[in-house]
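Undergrad:
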Amino acid sequence: MELVSGKMTSKGQITIPKELRDKLGLSEGDQFRFLLENDEVKILPIKKKMLSQAIGRIVSEEEIDLDKMRKVAQQEASEHLLTEDIDHE
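The opening residue of the sequence shown carries number 1 in UniProt numbering; numbering runs sequentially from there.
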C-alpha cells in the first residue's frame, strides 16, 4: 500500500497527485465513487468501460414500454429465484 498526501481546497476539491494519476491511468473528466468506511474515505475510480456500458444501457433509440419492461424484469427475477431455490435443494 502506498500512502501519498494532498490537501483540500476551500471548494472541497482534492488534487490526486500526478504519480497516482499516472499509475492508475486517470485523466481529466474521469468519475469516482466515494466510500466512507471506519471514518476513512476511499476514492474508487469508475472504470471507463463500466461507465460506457451503463450509459449504453440507459440510452435507447427506441421507445420503451415501461409496463412491458416491468413485466420482463419481474419474470426474470422470478426465474432467478426459482433457479436459486432449486440450486439450494
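Note that the Cβ used here is the ideal one computed from N, Cα and C, for glycine as well.
1. Nearest to R33 by CA position, among L44, L26, K23, G25, is which residue?
2. Where does the unbroken beta strand (DSSP E) through L44 begin, and where does it stop?
3. DSSP puts I14 in a beta bridge; with which residues?
4. In the DSSP assignment, the beta strand (DSSP E) including E37 goes from what residue to what residue?
5. Between the alpha carbons of E70 and M1, how many angstroms are there, rounded?
6. Closest to L3 by CA distance: which of E19, S10, L81 is it?
7. How many whole angstroms separate the CB atoms of I16 and L26, which I take to be in contact at a CB cut-off of 8 Å?
TA: Walking through what the data contain:
1. L44
2. 40 to 45
3. M8
4. 32 to 37
5. The amino acid occupying residue 70 in the given sequence is Arg; Glu does not appear at that position. If I take the Cα positions, the gap works out to 45 Å.
6. E19
7. 6 Å
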